[in-house]
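Worksheet: one structure, shown below.
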Amino acid sequence: MTSDKLSPTSYLVLSIVARIGPCTPFDMKKSVERCIGFFWSFPHSQLYAEPSRLTDMGLLSEYQEPTGRRRRLYTITERGRARLAEWWHTDGESIHEIRDSGLLKLYFGNLTSVSNSAEVAAMETAAHQERLDRYRKAYNSMIDDPERDPLELRTLEFGLRYEALAVEFWHGTAEQLGSEPQEK
Numbered sequence: 099m100t101s102d103k104l105s106p107t108s109y110l111v112l113s114i115v116a117r118i119g120p121c122t123p124f125d126m127k128k129s130v131e132r133c134i135g136f137f138w139s140f141p142h143s144q145l146y147a148e149p150s151r152l153t154d155m156g157l158l159s160e161y162q163e164p165t166g167r168r169r170r171l172y173t174i175t176e177r178g179r180a181r182l183a184e185w186w187h188t189d190g191e192s193i194h195e196i197r198d199s200g201l202l203k204l205y206f207g208n209l210t211s212v213s214n215s216a217e218v219a220a221m222e223t224a225a226h227q228e229r230l231d232r233y234r235k236a237y238n239s240m241i242d243d244p245e246r247d248p249l250e251l252r253t254l255e256f257g258l259r260y261e262a263l264a265v266e267f268w269h270g271t272a273e274q275l276g277s278e279p280q281e282k
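Read the sequence shown against this note's numbering and you will find it ends at 282, with the numbers running on by one and no gaps.
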């Protein structure tokens, strides 16, 4: 028995199929990697399992090629479009939560040395700078594309701002910790 409760991944899959049309889980994975993966992280194995579950619920239809690679292509059904429409009109299911291991380590930094915490801050600065550079590259490749989706670009702009803020925060934290007395 399939639960008809939809997860954020369910809505992601429905939205991708609605946007790009008939597609395989691999096509969905490529779409996620292009931009969504910048801000929505989840195991890609879900892109291979979730379409089957949504098909069982009648939200997607499945067609398997009779010859060749026999790929499974998924298409959104009217029922699937209706569930997407309902989703657009619901309040946020949950308040946004930041799950950042760097922040967790910083919070418990009093359990280790200041130099260890400073090292965490330096590593976080570098990691966020790397992601910021990737976002800039993606943004610059999209900005002059007349076919670009303005909302996709706007989402990427959020990512740029978020990563710039994170770089500033972690850089400042590293500087602050570098000026504190080394104890523990």
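By construction, the Cβ of each residue, glycine as well, lies at the ideal position given by its N, Cα and C atoms.
Residue ranges of uninterrupted alpha helix (DSSP H) with 4 or more members, entirely inside the region 112 to 200 and ordered along the chain, are 123 to 132, 144 to 154, 176 to 186.
For the set L201, D243, R169, the Cα lying nearest the Cα of A220 is the one of L201. The way I'd put it, the region 248 to 257 doesn't touch the region 208 to 216; fewer than three beta-carbon pairs between them come closer than 8 angstroms. When secondary structure is reduced to three states using DSSP, P248 falls in the helix class. Distance between C121 and I196, taken at the CA atoms: about 32 angstroms. Counting only residues of its own chain and dropping the five nearest sequence neighbours on each side, Y146 has a CB closer than 7 angstroms to the CB of P123.
Remark: fewer than three beta-carbon pairs, one from each stretch, lie closer than 8 angstroms, so the region 130 to 146 and the region 165 to 173 are not flagged as touching.
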